[in-house]
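Enquirer: Residue numbers (this note's numbering), protein chains in the order written: chain A, 1 to 370; chain B, 1001 to 1370.
Following this line, the structure appears as structure tokens:
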């Protein structure tokens, strides 16, 4: 059997006792800065596919790989950080966990809290939130508390609960989140045998670019890799504080997972871009939705809108004449398209292509085969 | 670090060249009955988590493990069979692939066809199908052809296209599908070190139970395992032909992925149950939705309704007094809950639990902490 699309050595590799993935803490526990004796609360997160994109390789001239984080248990990269945050919280005796979030963070928190048998609390501003955004958190048993106030009030109350009660705050201010998220870099280095030349990813709250950069630096220090990638973050044009250099008061974009006006990990992210020789740029919602659709139909990878920002960035650069010949480029796609089917379908005008009689030749003609 | 929830050996295991999963063909190609020289069309499917369920272990007295197939690239177990079916189709020169399906099969086919750069065709009866069911197929670029006829006409036309044109039929009649799907058994044996005592799964078209049984028998023959599990299939009460022993003309259940009145793999499935000492039984839609909700909130695993049929069966048996003490039980949950958020949320009457003032002690009281 040929293995034309893979760089993996396929012969003579000594067998592990099991070839099955065991979750990021069991795989990488010795490289995580967490307290000794921490229990393992895992849903089998991480170990996500790194899939070569023939389409983007052709478009850019490079060798482009997609790190498909939607394959995580709750459908986004947040599971990597949450397995660590919940494990540490449980080890420290937390009876509940809390976050002020309406999206992928609350979904991941609630799932891992269910697994850990601690209480998940989600604080949201009263009246601002569509129930659908909280569907996963609700289904995983989160208690949703609507606060008579704004998002900053919710974050303040979350911190207060963590200070005064046996509650762990698992918003991105929790440093354990970065410890888990950095494992995505380890996996990429493991597959490629080195860090890529360039790493491209969507940037909203900016925790992920900071975590990848941490992971790549640690891989270099430990000798697993021999170089550092250039880190390029792509924001949505209506929500691009890192591009503009100042917080955005009312961020607006269809890419809800990166609709963040004042990123929590601002300084770390700016340092990652600066130190790596990278930068932040922005793409329009139209470019994001176009990239989402092209990625699904050209590569078979269906991602949520925010996840397509990095791909949209590569397409924009290609149109500007940027080439990546001879370089390896990894693009993180952060969440599964099933998270937001409606937005994805909104770009289609016709959902059914053809009607035909119940006859083979008629069907062949309809399919353009006859 | 303790690893209390895992049976894996965590020390002294020799390292593979990479610990990253490579998709089912590259991992198990030597155990698949496919033509020599078949190319590999993969999205990194398989290698899904096997997660111990503390909840179901307590309820049943056994050691119960969930095989979480929703972590596959398109969100269901169908990806295992489709990577093989598409790879073989491409190797044989197909220019298009076709299926008569409205659900997970068409989603998986279209994604792998996009990856393979062949044309995906979906044949459905005119006017019967909600666009939402086809969302993934459409997003992955499938041409949807509505046939003036019923589902049998669609299947007949699909076969006719495969006979007369360079088109591969990838419905479950394609034997390559079972070759891919059987790898789930290999993974389970790999983690547990043997086959489980009992394997429980939802049963609709009955291809999956047939594939697992094939995989377990091969694992026994090759010496990877030392026993065969009892195979127990659970159907939805309104769509239970294998329980009733006769096809059901108008199957009805909320669990759309197992809403099938005349299973394609009837004989193989009956043989799997008979030869293993297992059987088929049915659960109500209410029991299925209850199991779905409990699984999400007790174990952190969110599945689509059909996927919860096996869990519902275990709960029904437990209520009947059945015990699994001393036995290892694996339950396959076949697809991700994100496939059908609306049905899942329909069982909730209130989506927001509490409203409180922007005050820490008020929030603590609302959360039951004060």
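Glycine included, every Cβ here is placed at the ideal spot set by N, Cα and C.
Since we're looking at a predicted model, the values are computed, not measured.
Could you have a look at residue 1353 of chain B and say whether DSSP puts it in helix, strand or coil?
Expert: Here residue 1353 of chain B sits in coil by DSSP.
Enquirer: Could you tell me if residue 45 of chain A is buried or exposed, where buried requires 16 or more neighbouring beta carbons within 10 angstroms of its beta carbon?
Expert: So residue 45 of chain A ends up on the buried side.
Enquirer: Taking the alpha-carbon positions, what's the residue 1264 of chain B to residue 43 of chain A distance?
Expert: Cα to Cα, the separation comes out at about 33 Å.
Enquirer: Return the first residue and the last residue of the beta strand (DSSP E) that residue 81 of chain A is part of.
Expert: Where residue 81 of chain A is concerned, there is no enclosing beta strand (DSSP E), although the alpha helix (DSSP H) it sits in stretches over 78-91.
Enquirer: Any contact of the region 1296-1307 of chain B with the region 1317-1330 of chain B, i.e. 3+ C-beta pairs under 8 Å?
Expert: They do not touch, by the three-pair rule.
Enquirer: Which residue or residues does DSSP assign as beta-bridge partners of residue 1332 of chain B?
Expert: Answer is B/1067, bridged to residue 1332 of chain B.
Enquirer: Residues of the region 1155-1184 of chain B in Cβ contact with chain A at a cutoff of 9 Å, in chain order, please.
Expert: Those would be 1156, 1157, 1158, 1159, 1160, 1161, 1163, 1164, 1165, 1166 and 1167, in chain order.
Enquirer: Going by DSSP, which residues form a beta bridge with residue 1234 of chain B?
Expert: Bridge partners of residue 1234 of chain B: B/1202 and B/1281.
Enquirer: In angstroms with no decimal places, state the Cα-to-Cα distance between residue 1196 of chain B and residue 202 of chain A.
Expert: Distance between the alpha carbons of residue 1196 of chain B and residue 202 of chain A: 42 Å.
Enquirer: Exposed or buried, residue 1010 of chain B, counting other C-beta atoms within 10 Å across all chains shown (16 or more means buried)?
Expert: Note that residue 1010 of chain B scores 36 on pLDDT, short of 50, meaning its location in the model is unreliable; the coordinates nonetheless yield the value given after this. Exposed.
Enquirer: Spatial neighbours of residue 1093 of chain B within its chain, please: C-beta separation below 8 Å, excluding the five flanking residues on both sides.
Expert: These residues qualify, in order along the chain: 1166.
Enquirer: Using the rule of at least 16 other Cβ atoms within 10 Å of the residue's Cβ for burial, across every protein chain shown, is residue 1036 of chain B buried or exposed?
Expert: Exposed: under 16 other Cβ atoms inside 10 Å.
Enquirer: Report the three-state DSSP secondary structure of residue 239 of chain A (helix, strand or coil).
Expert: Note: residue 239 of chain A maps to strand in three-state DSSP.
Enquirer: Could you tell me how far apart the beta carbons of residue 1280 of chain B and residue 1228 of chain B are, in whole angstroms, since I believe they sit closer than 8 Å?
Expert: At roughly 17 Å, the Cβ-Cβ gap does not stay under 8 Å, so residue 1280 of chain B and residue 1228 of chain B are not in contact.
Enquirer: Which runs of the alpha helix (DSSP H) spanning at least 4 residues fall entirely within the region 246-306 of chain A, listed in chain order?
Expert: Runs found: 266-276 and 285-299.
Enquirer: Can you list, in chain order, the residues of its chain whose CB lies under 6 Å from that of residue 1057 of chain B, leaving out five sequence neighbours each side?
Expert: Excluding residues within five positions, the ones whose Cβ falls inside 6 Å are 1063 and 1064.
Enquirer: In terms of residues, what are the limits of the beta strand (DSSP E) holding residue 145 of chain A?
Expert: Its beta strand (DSSP E) spans residues 143-148.
Enquirer: Under 8 Å, do residue 1363 of chain B and residue 169 of chain A count as touching if we go by C-beta distance?
Expert: Not a contact, by the Cβ cut-off of 8 Å.
Enquirer: Measure the beta-carbon distance from residue 1291 of chain B to residue 1273 of chain B and round it to whole angstroms, keeping in mind my assumption that it falls under 8 Å.
Expert: That pair is no contact at about 21 Å.
Enquirer: Is residue 1370 of chain B buried or exposed, if buried means 16 or more other CB atoms sit within 10 Å of its CB?
Expert: Counting Cβ neighbours within 10 Å, residue 1370 of chain B comes out exposed, since fewer than 16 surround it.
Enquirer: Who are the neighbours of residue 1190 of chain B on chain A, taking C-beta pairs under 8 Å?
Expert: Simply 18, 19 and 20.
Enquirer: Give the residues of chain B in contact with residue 33 of chain A, contact being defined as C-beta atoms less than 7 Å apart.
Expert: None at all; the shortest Cβ gap to chain B is about 12 Å.
Enquirer: I'd like to know whether the C-beta of residue 1148 of chain B is nearer than 8 Å to at least one C-beta of chain A.
Expert: With 8 Å as the cut-off, residue 1148 of chain B counts as an interface residue toward chain A.
Enquirer: Can you check which of these residues, B/1238, B/1191, B/1231 and B/1185, is closest to residue 1216 of chain B by C-alpha distance?
Expert: When each option's Cα is compared against that of residue 1216 of chain B, the closest is B/1185.
Enquirer: Taking all protein chains shown into account, decide if residue 252 of chain A is buried (16 or more other Cβ within 10 angstroms of its Cβ) or exposed.
Expert: The residue is exposed, with fewer than 16 neighbouring Cβ atoms inside 10 Å.
Enquirer: Of all the options B/1271, B/1163, B/1277 and B/1307, which has the alpha carbon lying nearest to the alpha carbon of residue 360 of chain A?
Expert: The option with the nearest alpha carbon to residue 360 of chain A is B/1163.
Enquirer: In the DSSP assignment, what residue or residues form a beta bridge with residue 1125 of chain B?
Expert: Looking at the DSSP assignment, residue 1125 of chain B forms a beta bridge with B/1147.
Enquirer: From residue 1198 of chain B to residue 303 of chain A, what distance separates their C-alpha atoms?
Expert: One C-alpha to the other measures close to 36 Å.
Enquirer: Locate the beta strand (DSSP E) running through residue 1052 of chain B, then write down its first and last residues.
Expert: Here the beta strand (DSSP E) through residue 1052 of chain B covers 1050-1052.
Enquirer: Taking residue 140 of chain A as the query, report the chain B residues whose CB atoms sit under 8 Å from its CB, ordered along the chain.
Expert: What residue 140 of chain A touches in chain B: 1296, 1297, 1300 and 1302.
Enquirer: So for residue 1097 of chain B, helix, strand or coil by DSSP?
Expert: Strand, per DSSP.
Enquirer: Against residue 145 of chain A, what residues of chain B qualify as contacts under a CB-to-CB distance less than 9 Å, listed in chain order?
Expert: Within 9 Å Cβ-Cβ: 1352, 1353, 1354, 1355, 1356, 1363, 1366 and 1367.
Enquirer: Between the region 1063-1078 of chain B and chain A, which residues of the former have a C-beta closer than 9 Å to a C-beta of the latter?
Expert: The residues in question are 1068, 1070, 1071, 1072, 1073, 1074 and 1075.
Enquirer: Suppose you measure from the CA of residue 248 of chain A to the CA of residue 1085 of chain B; what does that come to, to the nearest Å?
Expert: Distance between the alpha carbons of residue 248 of chain A and residue 1085 of chain B: 49 Å.
Enquirer: Using a 10 Å radius around the Cβ and a threshold of 16 neighbouring Cβ atoms, would you call residue 190 of chain A buried or exposed?
Expert: Counting Cβ neighbours within 10 Å, residue 190 of chain A comes out buried, since at least 16 surround it.
Enquirer: Going by CA-CA distance only, name the one from B/1183, B/1221, B/1240 and B/1090 that's closest to residue 1206 of chain B.
Expert: It is B/1240 whose Cα lies nearest to the Cα of residue 1206 of chain B.
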